[in-house]
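Which chain is which? The protein sequence lines are A and B, in order.
With the working numbering applied, the first sequence corresponds to residues 956 to 1310, in that order.
With the working numbering applied, the second sequence corresponds to residues 10 to 613, in that order.
In this text, a Cβ means the ideal position worked out from N, Cα and C, and glycines have one as well.
Since this is a predicted model, take the numbers as computed values, not measurements.
Reviewing the structure listed below.
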Amino acid sequence: MLKTSPAIKHIIGRAGWYVVTFFVAITINFFLPRLGDANPVDTIMAKVSTGLDSASAKAKEEAYLKEFDLVEVDAAGNVRHDAQGKPVRTSLGRQFVNYLGMSLRGDLGSSILQHPKRVTEIIAAALPWTLALQLPTIIVGWLVGNGLGALAAYKRGVFDRVMYPLALLASAIPAFCFGMLLVYVFGIRLEWFPAVGGYGDGLTPEVSWAFFQSASYYYVLPFLSVFLIVVGGQAIGMRSMCIYELGTDYVKYAKLLGVKESKILFYMFRNAMLPQLTGLALALGSMVSGALVTEMIFSYPGLGMAVLTAIQGSDYPLITGCTLLVTTCVLLANFGVDVLVGFFDPRIRAQRAGK
Amino acid sequence: MTLGKRATRALAISLALLGVANCRPKKDEGSGFPRAETFYLGGRQWGEPSTFNPLGTPGWPISTMNLLYETLLMYNSISGQMQPLLAESYAVHDDSVEVTLNPAARWNDGQPVTAWDVTFTFELGKSYKSLNIAPIWQYLVDVRAYGEDGREAQPGASEHPRRVVFRLNLAKKNPLVVLDALQAQIIVPRHVIEPLLAERGNNLDEFKKLKFDESAVSSGPYRLLSSSSEKIAVLRDDGYWGNQALHGGKRPAPKYIVHPLYKSNDAFSVALRQGRLDISTSFVPRIWLKANKGVRSWLDREPYFLSTSIPMLLVNHKRAPLMDVHLRRAMAFAINYKDIRELAVSGYSEPLRPGVILPFGLEQRFFSEEDANRYGTWFAPERARAELKAGGYTPVFGPDGELLETRDRAGKKLATLYVKSPTGWTDWESIVRIAVKSMRAVGIDARERFVDTSSFWNALYEGDFDLIMHTPSTQPSPSKPWSRFEALLTSQDFAPLGQRMYKNIGRFNDPKAPGYLPRIDELLAQIPTLTDEAARLASYRELNVLFMQEQPDLPLVYRPDTFYEFSIKHWANLPSGANPYLPPLIPGDRLGTNMLWAIEPVAN
């Protein structure tokens, strides 16, 4: 079977590498946030220690450290202290072993700053908003951008001369800048669209026409802020790919034969699409982290904000939980592309078969 | 044919555009919260609260009091009076503070609020040292319930005792901190909490895992309705006991109070301008520019807000050469306070005066103009240079007038003094930049150092700084200005660098070091026990003069405890400087809750 199917051999080979990458990535994800001298308990203590005397503050701090498993406890459940009376911190190595064990059981632990909330609970509440904002935007943006790019390459003339600089401009504007511009012009100056939030203040999420209507209305600006940039970037890429394809013999031949314009465009599109497909997969993989800027500018609910607050407050379990999700998404998307390419790209098939 | 195709296309595009335009909802509300019955407030909570457990670390509305759970009394920072809530009266005796509960006070399950609830709440702090109420026990001997007949109430008796006596620890007599606690501690229902704790073996950590997010028993005028990562909503409880007992049968005007959880200060600003928010405590820069959009602040002219606290640079007295009073006074004379007020905080501050007593409001009676002029410091670069000279410091300036280094008496170069502040706190960053610039101008080698927020707190408490931004003891309370002095100057619990200190963070006046000034600790112990106004004035004056002479820290500007901006679009009769029937606090923040009975919806 393995011998007869080079594609499967290719997939298994790649999968091995992905497993290794995954373990390296989660190790880095675990240690990186914990290397600095910041400590989540300090952030909490800053909020709650007003007016406390030293003894109460110490008791409170130790209660938190114990709760979050950051200190060693003796058999009786009391915090262990060193010679200077400071609590003994659980070593990083020990924490890592605990973390690996929990992760394998699918338990991401509970958030520190939002204690006693589970990390999975927080991610589950935020993820749908991120997906709803990013998934359609990236897919529709990808389709429209590639369509426009192919069209510009094929038509040339005025269409290309207008479309190309516009696409360059759109793709070159930083996302945060463009988002703020949209908010300022359409949200604050003209007041055509709401400037912040995911749906009307007077509503709660529910399955109703009023909610759907409100959510779509609030969706317009965040959607546009990502959409136009995706379209620009894709259009430029597709345009150059197509210009290359246009120079190929099969297009010239088809033109000579008088094949319908749309048909030629379709062939060209299919061939030029391969590298664009990789781009799509990568965009989908990293959409969770890419959403941050948009969510911040529009005060849009979602995972980006969760990650940001977690990082600011050194909320280790939440940071690690989110980065685990991002890592998994990126790796899966890449793997997906590898698999597809292995199946569809005749060149790779040929290479694997040793032809 | 082609024309027909084009026409169809044009028609399709116009229809699509029309569809988008039409998707704008007519009114931005659903069945959820009708605008005329909903009060939107913001700036008090930044992320979704993880719990509504009154013994945990809950967010709005529990953390700020009196919408769900209530305190015994409420402090009015304008009049200086305590206003009744669960308690109808209180009295301060020589050895105790006594409180009498309102006989009408009820939990929302119909049970009366009794003295047992109060004793239970306070005693929780005795059993669990990590609770906020725990520190009060160094000032108390016990808290007991008494019946109408004046005899101590017996547990299990059928009557509901209403009198509570807080017996003071006379070795550390301080009725002020007890009064502070009476207006800050929410009372929890003993009949609910006690069994839940017992079921968990009285393990507080286990108890804190309960979220109390559904039908919790509380005594306040609202109940929790919903909470998500976008907003928290509470619903009016029409059976609230205080409607009859405290508000003449009236009920709060808004049926719903909603706190949207925006992600940035700007978002709250925009929402306020657009009338989507009725009141906010977020920082809105240059508020006068928003007046034409119906946005108002406490005052309609400078300083716009009512200041209650003093952001300052704390000085590390355990690091050379900062223990030198000449250097500290040189810094205090060098800083351009006017620039800080005008450029860093949008003019939201009265002009700074020497010392740490506010020269306006209730504290004005303790402020002495004469002392300030004789002992104080202010922006006077020539005096800063004189102080440097007196301390033997020589600044070395480069050819373009830029400071190269500062040398001490022995001619040795002093290490640069770093001023720490959390990165991203933009108003503080501007304050620090101005302070550093003015110190360098007179020849003090200081530089700003902006650090990550969480490492900032660690540096603060463990004393890992030369100079650091901090606002001590911010909330107005009955113990002001004593508690501000105490937070800055007390030698109690003195700890070396590397160990934590939550008060006197700059480690001034080490009781074990030479030059210790016992008078400061004497005054701090004495002031809370004084009842004679003249004696209090004399003690406060003496303490403030000591501060001015020693200049242990560098006060920079005045600032409100919470900001207070509101929109006049949907609700009328909110308290303001022109109509100060309540202090500038949002509903659900201490006494601010009382405005809910006075505001009225604006007719369309």
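Classify arginine 160/B as buried or exposed, calling it buried when 16 or more other Cβ atoms lie within 10 Å of its own Cβ.
-> Exposed.
In three-state terms, what does DSSP make of valine 293/B?
-> coil
Is methionine 332/B helix, strand or coil when you go by DSSP?
-> coil
Contact set for serine 355/B: own chain, Cβ-Cβ below 6 angstroms, skip 5 residues either direction = For serine 355/B, the CB contacts under 6 angstroms within the same chain, skipping 5 residues up- and downstream, are Pro294, Arg295 in chain order.
Cβ distance (whole Å) where alanine 339/B is taken to contact valine 451/B below 8 angstroms = 7 angstroms
How long is the line joining the alpha carbons of tryptophan 466/B and alanine 1001/A, rounded to whole angstroms?
-> 6 angstroms
Of all the CB atoms in chain A, is at least one closer than 8 angstroms to the CB of lysine 217/B?
-> yes
Report yes or no: is there a C-beta of chain B within less than 8 angstroms of the C-beta of threonine 1264/A?
-> yes
Are three or more beta carbon pairs between the segment 1276-1291 of chain A and the segment 976-987 of chain A nearer than 8 angstroms?
-> yes
Contacts of asparagine 994/A in chain B (Cβ-Cβ under 7 angstroms) | Within chain B, the C-beta atoms nearer than 7 angstroms to that of asparagine 994/A come from Ser463, Asn467, in chain order.
Is DSSP giving proline 423/B helix, strand or coil here?
-> Going by the sequence as given, residue 423/B is leucine instead of proline. In the structure shown, leucine 423/B sits in coil (DSSP, three-state: anything other than H, G, I, E or B).
Mind pulling the chain A residues with CB within less than 7 angstroms of valine 267/B?
-> Asp1156
Using 7 angstroms as the cut-off, classify the Cβ of leucine 1047/A as near or not near the heavy atoms of the ligand ZN, replying yes or no.
-> Ligands are entirely absent from the displayed structure, and the ligand ZN is therefore not among its contents.
Taking the C-alpha atoms as reference points, what is the distance between glycine 251/B and glycine 258/B?
-> 8 angstroms
For lysine 264/B and chain A, any beta-carbon pair shorter than 8 angstroms?
-> Taking 8 angstroms as the threshold, the shortest C-beta distance from lysine 264/B to chain A does not fall below it.
Residues of chain B with a CB under 8 angstroms from the CB of threonine 998/A: which are they?
-> Thr462, Ser463, Trp466
Select from the segment 184-218 of chain B all residues with a C-beta closer than 9 angstroms to any C-beta belonging to chain A, and list them in chain order.
-> Val186, Asp189, Ala193, Leu213, Asp214, Lys217, Lys218
Can you tell me which of Gly1187/A, Ile1184/A, Leu1179/A, Gly1152/A puts its alpha carbon nearest to the alpha carbon of alanine 1170/A?
-> Gly1152/A
Output yes or no for whether 8 angstroms exceeds the beta carbon distance between asparagine 111/B and alanine 207/B.
-> no
Length-filtered (4 minimum) alpha helix (DSSP H) runs lying within the segment 1187-1241 of chain A = 1204-1212, 1216-1240
Find the nearest neighbour of glutamate 351/B within the set Pro404/B, Ser439/B, Asp287/B, judged by alpha-carbon distance.
-> Nearest to glutamate 351/B by C-alpha distance, out of Pro404/B, Ser439/B, Asp287/B, is Ser439/B.
Coarse secondary structure for threonine 403/B, derived from DSSP in three states | strand
Compare the beta carbon distance of phenylalanine 517/B and valine 365/B with 8 angstroms and say whether it is the shorter of the two.
-> no
Is valine 1117/A buried or exposed, if buried means 16 or more other CB atoms sit within 10 Å of its CB?
-> exposed
Local conformation of methionine 604/B per DSSP, three classes | helix
Check the C-beta distance from tyrosine 265/B over to threonine 47/B and give it rounded, since I have them as a contact under 8 angstroms.
-> Contact between tyrosine 265/B and threonine 47/B holds, with the beta-carbon distance rounding to 4 angstroms and staying under 8 angstroms.
Assign cysteine 908/A to one of two classes, buried (16 or more other C-beta atoms within 10 Å of its C-beta) or exposed (fewer than that).
-> Residue 908/A cannot be examined here, being either before or after the span of chain A that is shown, 956 to 1310.
Between valine 174/B and serine 105/B, is the Cβ-Cβ spacing less than 8 angstroms?
-> yes
CB contact check: alanine 1079/A to chain B, cutoff 8 angstroms | Chain B has no Cβ within less than 8 angstroms of the Cβ of alanine 1079/A.
Taking only beta-carbon positions, decide if valine 1215/A is within less than 8 angstroms of chain B.
-> It is worth fixing the name first, because residue 1215/A is lysine in this sequence and not valine. Not closer than 8 angstroms to any Cβ of chain B, the Cβ of lysine 1215/A fails to qualify, so no.
Give every residue of the same chain whose Cβ lies closer than 8 angstroms to the Cβ of leucine 177/B, excluding the five residues on either side of it in the sequence, and list them in chain order.
-> Asp104, Ser105, Val106, Tyr148, Leu149, Val150, Asn183, Pro184, Val187
DSSP-derived helix/strand/coil call for phenylalanine 175/B | strand
Tell me whether glycine 39/B sits in a helix, a strand or coil according to DSSP, three-state version.
-> Because the pLDDT of glycine 39/B is 47, which lies under 50, any placement of that residue in the model is unreliable, and the number read from its coordinates should be weighed accordingly. Three-state DSSP puts glycine 39/B in coil, outside helix and strand.
Return the first residue and the last residue of the alpha helix (DSSP H) that glutamate 1146/A is part of.
-> Element bounds for glutamate 1146/A: n/a, residue is neither H nor E.
Provide the residue(s) that pair with arginine 568/B in DSSP beta bridges, ordered along the chain.
-> Ser318/B
Please determine, among Leu77/B, Phe61/B, Leu281/B, Pro561/B, the residue with the shortest C-alpha to C-alpha distance to histidine 335/B.
-> Pro561/B
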